[in-house]
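Reviewing the structure listed below.
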Amino acid sequence: MPLKQHGRDYDIVVYGASGYTGKYTAQHIATHLPTTLKWAVAGRSRAKLEAIVSRLQELNPDRLPPSIEIISSTTDRTALESLCRRTFILLTTVGPYGSLGEPAFAACATTGTHYFDVTGEVPFVHKMITKYSSLAAQSGAKMFPQIGIESAPSDLLTWSLAQQLKREFGPATKTGEVTLSIHTLRSAPSGGTLATVFTILETFSLKQLKEAYKPYALSPVPHPNPDLAERRTTWITKVTGLAITPILGLGTSSVAAKTDAAIVQRTWGLLSQQASNKGKEDESYGPRFSFKQYMKPRNWLSGVAIHLGLMVLGLVMATPFLRAIAKKFVYQPGEGAEEEVAKRDELEYWGVAKPDFGGGDEVKEREEGNKRAFGRCWFRGPVYYYTGVLLAEATATLLEEESVDEQLGGGGGIYTPACLGQPFIDRLDKAGFHFETKIMEE
1 MPLKQHGRDY DIVVYGASGY TGKYTAQHIA THLPTTLKWA VAGRSRAKLE AIVSRLQELN
61 PDRLPPSIEI ISSTTDRTAL ESLCRRTFIL LTTVGPYGSL GEPAFAACAT TGTHYFDVTG
121 EVPFVHKMIT KYSSLAAQSG AKMFPQIGIE SAPSDLLTWS LAQQLKREFG PATKTGEVTL
181 SIHTLRSAPS GGTLATVFTI LETFSLKQLK EAYKPYALSP VPHPNPDLAE RRTTWITKVT
241 GLAITPILGL GTSSVAAKTD AAIVQRTWGL LSQQASNKGK EDESYGPRFS FKQYMKPRNW
301 LSGVAIHLGL MVLGLVMATP FLRAIAKKFV YQPGEGAEEE VAKRDELEYW GVAKPDFGGG
361 DEVKEREEGN KRAFGRCWFR GPVYYYTGVL LAEATATLLE EESVDEQLGG GGGIYTPACL
421 GQPFIDRLDK AGFHFETKIM EE
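Mapping of the sequence shown onto the UniProt record's numbering: position 319 corresponds to residue 319, and the numbering continues sequentially without gaps.
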């Protein structure tokens, strides 16, 4: 498939390529994306970038190596703007994004450069949407934050479940209650992820955190019932973390629940806005949509322990001297599990979605009301490698798929993983990140 023509020096620049996630992203690009790609790796250290380029040449000696671009400081917006003006798509793995990410985001919004990142910092995304949505729309920059493990799998699986409901019951069918479960998780967080966890309260105030994590805070349009998921949560779940969902089984509190919910809820808003603008309500999830996410424990006792453990983690994050102690015992930024150890990683999500017939079709409610869309997505291998896969394949989707431009309406803005639709999912499937959905009865 031919690459889009754009008149800039580079199709792609990987900013932060010498970091733990950045190197995996660069490796996937070197081994899987078209050999005609014009690309570069960027960062502060020439020596580290040269080592990355040498490794890429070992992995694929038949393609031209990427160029090297030096950005001496992550806060040097002038240098970043200069690079972005020569770049069609910027992929950035430079974090924590709350303290280091805005200059790159702003440079892309200003120069009309498409943007992808792998942040999990909802307050950062909330701030960027508030400050740069209008500028991105004017410049034509298509910007996709949180397109790594947080929060692409949850967003894409939710979108896939909604599509399955429409295929089964008709295109006018809306999506009601969606529940996901992290069914399998075997991985250790990298130093960059841990740095984000431990510094988020040093970057954002409690007021900013509270505002960003409100239900549908990232949505461009208000939800008619923003607390619907909360009302559908029992007091037992609120106290113990435990919940039993038909088909999914036992679940407990998920460390990524609010992070992923923020992006899924933004997708709800973007689709609702798009449907309203086009006069095609069939494309939206619907007004009674709600989203919850859990994690599958071994048993109820371990589920309660996970719930309490997350409460303790919250206490550590909120207490400066406890954060300082904890930082000494974890991976530092740029570090992570050794490649041989990381190869044993696994990640799998399960999800169920209830159809919403709008309350006006009693016959369909009676005949089909116990049916649910069930889906799962999974991969086997290093979690951070697959973060790089998500980043690289999302970029390739935008770079090669004309249908995506049509779906996005051709304009700039701040989007979500699900906005890349089925072409993105198909690419991930070929890269080893698999999705499947079907209809089941409760």
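No residue lacks a Cβ here, since even glycine has one placed at the ideal position from N, Cα and C.
Everything numeric in this text was worked out from a predicted model, so none of it was measured.
Asked	Found
Beta-carbon spacing of Phe88, Tyr10 below 8 Å	yes
Any alpha helix (DSSP H) of 4 or more consecutive residues that is wholly inside the segment 339-407	339-342, 362-368, 383-400
The segment 393-405 / the segment 417-426 touching (three or more Cβ pairs under 8 Å)	yes
Given Gly410 as reference, the closest of Asn299, Asp260, Met143 once Cα atoms are compared	Met143
Val118 versus Ile263: straight-line alpha-carbon distance, rounded	12 Å
7 Å CB neighbourhood of Tyr115 in its chain, flanking five on each side removed	Leu90, Phe105, Cys108, Ala141, Met143, Phe144
Simplified DSSP state of Ala187, which is helix, strand or coil	First, the residue type needs correcting, since residue 187 is Ser and not Ala in the sequence shown. Of the three classes helix, strand and coil, the one that applies to Ser187 here is coil, per DSSP.
Sub-8 Å separation of Val352 and Ala318 beta-carbons	no
Beta-bridge partners of Gln293, as assigned by DSSP	Leu180
Collapsed DSSP secondary structure at Asp227 in the structure displayed	coil
Nearest neighbour of Phe124, chosen from Pro65, Tyr349, Phe204, Thr111 [CA to CA]	Phe204
Alpha helix (DSSP H) runs contained entirely in the segment 401-441, provided each spans 4 or more residues	402-408, 421-430
C-alpha gap between Tyr216 and Gln57, whole angstroms	45 Å
Alpha-carbon spacing of Cys377 relative to Glu348, whole angstroms	6 Å
C-alpha gap between Phe289 and Thr175, whole angstroms	6 Å
Environment of Gln164 [buried if 16+ CB atoms lie within 10 Å]	buried
Among Asp155, His126, Leu308, nearest to Leu209 - alpha-carbon criterion	His126
Strand pairing of residue 453, partner residues [DSSP]	This structure cannot settle anything about residue 453, because the visible part of the chain is limited to 1 through 442.
Unbroken beta strand (DSSP E) run spanning Gly251, endpoints	249-253
For Thr113 and Leu391, the rounded distance between their alpha carbons	16 Å
For Asp62 and Lys343, the rounded distance between their alpha carbons	26 Å
Inter-residue CB distance, Ala40 and Ile68 (contact presumed, cutoff 8 Å)	7 Å
Identified DSSP bridge partners for Ser72	None; Ser72 has no bridge partner.
Continuous beta strand (DSSP E) assignments of at least 3 residues falling wholly in the segment 12-80	39-43, 67-70
Span of the alpha helix (DSSP H), counted from its first residue to its last, around Phe169	152-169
Beta-bridge pairing of Ile244 - partner residues as DSSP gives them	Leu250
Glu436 vs Asp260 beta-carbon contact at 8 Å	no
Expected contact under 8 Å - CB spacing of Ala136 and Gly413 to nearest Å	6 Å
Candidates Pro153, Leu59, Ala30, of which the one nearest Thr387 by Cα	Pro153
Beta-carbon spacing of Arg86, Arg186 below 8 Å	no
Cutoff 7 Å; reference Ala212; Cβ partners in own chain excluding five residues on either side	Val122, Pro123, His126
Alpha-carbon spacing of Met295 relative to Lys166, whole angstroms	27 Å
Length of the line joining the Cα atoms of Ala275 and Thr36	37 Å
DSSP-derived helix/strand/coil call for Lys258	helix
Own chain, CB closer than 7 Å to Glu442, minus 5 neighbours either side, in chain order	Pro246, Ile247, Asn370, Arg372
Extent of the continuous alpha helix (DSSP H) to which Phe321 belongs	320-327
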